[in-house]
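Have a look at the structure below, then the notes.
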Amino acid sequence: MTYIRQTLLLTACVAILPALGGCPGALPENASQAAQVRVLASGAHCGHDEATPRVHILRDATALQQALDHTGLRVENNARPDFDDERVILIHQGQKPTLGYSLELADNSVRILNQVGRLQVLNREPPADAIVAQALSSPCLLLVMERRPMESLQVKDQHDTLLGESALKP
């Protein structure tokens, strides 16, 4: 390779590589980040008597205990969240006409984009030909998410239907 070609190639690399790489650890404001999330408990009879889904952010141990008392969910003492580092999310699927409905965590992380967290769940329902008990149910899912800077949390199902959105305080 000639000296001129080497110089041009080196100049192009020096000019382009910093623009492509950026500063290590620096993310543009609209870059996607993630927060880890895990299931704390789930149930089929959580006492939600409205047909519409609902999302609650439980901000402290007292709110968690009240939710546990109301829903009948159980959490082992060694699994209780640390509210300094974690947020607790209670998702109600809404009242359903039969058994066989449930909510499941679709991904163990929440995508954060432009200060909005996006959590995906699987909204399960019984097959049309299933034989299920004719009893009202109100499925719910109790999650723990690591605390990350975000202004709100959106919960969507596998069909991208918004189940609920909640503002988050720092």
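Read in order, the letters of the sequence shown correspond to residues -21 to -1, 1 to 149 in mature numbering (1 follows the signal peptide of the UniProt record, and there is no 0). For every residue, glycine included, the Cβ atom is placed at its ideal position computed from N, Cα and C.
Buried or exposed (CB count within 10 angstroms, at least 16 for buried), residue i
i      : result
Glu65  : buried
Thr50  : buried
Ile68  : buried
Ala112 : exposed
Ser81  : buried
Spatial neighbours of residue i in its chain, beta-carbon cut-off 6 angstroms, leaving aside the 5 residues before and after
i      : result
Asn102 : Asp136
Arg97  : Arg90, Gln133
Gln99  : Ala85, Asp86, Lys135
Phe62  : Asp39
Glu83  : Leu101
Leu121 : Leu19, Ala20, Leu52, Leu69
Pairwise C-alpha distance: residue j and residue i
i      : j      : result
Val134 : Asp108 : 29 angstroms
Met124 : Leu115 : 29 angstroms
Pro60  : Arg126 : 11 angstroms
Glu104 : Ser131 : 27 angstroms
Ser11  : Arg17  : 20 angstroms
Asn56  : Gly79  : 29 angstroms
Lys148 : Pro106 : 39 angstroms
Thr77  : Cys119 : 14 angstroms
Met129 : Ala146 : 9 angstroms
Nonlocal neighbours in the same chain, by C-beta distance under 8 angstroms from residue i, ignoring five residues either side
i      : result
Arg53  : Ala20, Leu47
Ser117 : Ala23, His24, Cys25, Gly26, His27, Asp28, His71, Gln72, Gly73, Gln74, Lys75
His138 : Asn102
Contacting residues, own chain, Cβ-Cβ under 7 angstroms from residue i (five flanking each side not counted)
i     : result
Leu43 : Leu37, Val67
Ala14 : Ser88, Val89, Ile91, Gly96, Met124, Glu125, Arg127
The ligand GTP heavy atom lying under 7 angstroms from the CB of residue i
i      : result
Ala107 : Of the ligands one can find in the structure shown there are none, so the ligand GTP has no counterpart to examine.
**Asked** With contact counted as at least three CB pairs below 8 angstroms, one residue from each stretch, are the region 131 to 142 and the region 17 to 35 in contact?
**Response** Here the region 131 to 142 lies against the region 17 to 35, with 3 or more beta-carbon pairs under 8 angstroms apart.
**Item:** alpha helix (DSSP H) runs contained entirely in the region 63 to 140, provided each spans 4 or more residues
**Value:** Here no run is fully enclosed.
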